[in-house]
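Each remark here refers to the structure printed beneath this line.
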Amino acid sequence: MYLETIILIHTVLFSRIIAFPNLAANGTAILSSVYLNDNNRYGAWKVIDGNRNQVFNDGSCCHSDEYQSSAWWRLDLGYSAYIHRVVIYYRGDRPDRLKGYHLYISNSFKEINPNSGHECFHYPVSTNNPSIIQNKTCDWTGRYIVYYNKREDFKAFVELCEVEVF
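Numbered according to mature numbering (1 follows the signal peptide of the UniProt record, and there is no 0), the sequence shown spans residues -19 to -1, 1 to 147.
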């Protein structure tokens, strides 16, 4: 018992806790289109406001316009940074709309296309519904984080509730 107490005290006193800041918090976000042109209610900024709530009707998520063959959300960090991990919190009641997304890291931004930047991840359209929380390791350096969805059925949506970048 004595040895366990000493080990516990040593661990508490001498352990270093390393917390990485969320780089997205100070970035600037834009969306390819905004549902009903209502930026206050559905704008890209909602994705980096620190609110992880995934209940769409609570007003905490962005929403791109309907009937699109492609839709995207882009975060500009303002500087190039090493990005280890990206966490995506998607709308809780529509995981089917998350299918087909790509996650890119880039140092330049001219236009959104499947060949721009480093692809960290791609979730195929033809698979089962993904988890509404996506935790993806990127290990890449870049200034821009791009969530891109392309669908042949004109059902490409961006309905992100929060994105964190570490």
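Ideal Cβ positions, reconstructed from N, Cα and C, are used throughout, including at glycine.
It should be emphasised that the depicted structure is a prediction, and the values quoted were computed from it without experimental measurement.
Worksheet item: Taking the C-alpha atoms as reference points, what is the distance between residue 13 and residue 38?
Response: Position 32 of the sequence shown, counting from 1, holds the residue named residue 13. Position 57 of the sequence shown, counting from 1, holds the residue named residue 38. Rounded to whole angstroms, residue 13 to residue 38 spans 21 Å at the Cα level.
Worksheet item: Between residue 76 and residue 114, which are expected to be in contact by the criterion C-beta below 8 Å, what is the C-beta distance as a whole number of angstroms?
Response: Position 95 of the sequence shown, counting from 1, holds the residue named residue 76. Position 133 of the sequence shown, counting from 1, holds the residue named residue 114. Contact between residue 76 and residue 114 does not hold, since their C-beta atoms are separated by about 10 Å, which reaches or exceeds 8 Å.
Worksheet item: Are at least three pairs of beta-carbons, each pair with one atom in the stretch 126 to 139 and one in the stretch 48 to 59, less than 8 Å apart?
Response: Put simply, the stretch 126 to 139 touches the stretch 48 to 59. At least three CB pairs are less than 8 Å apart.
Worksheet item: Could one say the Cβ of residue 32 lies closer than 7 Å to chain B's Cβ atoms, at least one of them?
Response: Absent here is chain B; the protein component of the structure consists of one chain.
Worksheet entry | residue 124 beta carbon less than 7 Å from that of residue 41 | Numbered from 1 along the sequence shown, position 60 holds the residue referred to as residue 41. Numbered from 1 along the sequence shown, position 143 holds the residue referred to as residue 124. Not in contact: residue 41 and residue 124 (Cβ atoms no closer than 7 Å).
Item to complete: Look up residue 28 in the DSSP assignment and give the residues it is bridged to.
Response: Against the sequence shown, residue 28 aligns to sequence position 47. Answer is none; residue 28 lacks a bridge partner.
Practice prompt. Report the partner residues of residue 80 according to the DSSP bridge assignment.
Written response: By 1-based counting over the sequence shown, the position of residue 80 is 99. DSSP lists no partner for residue 80.
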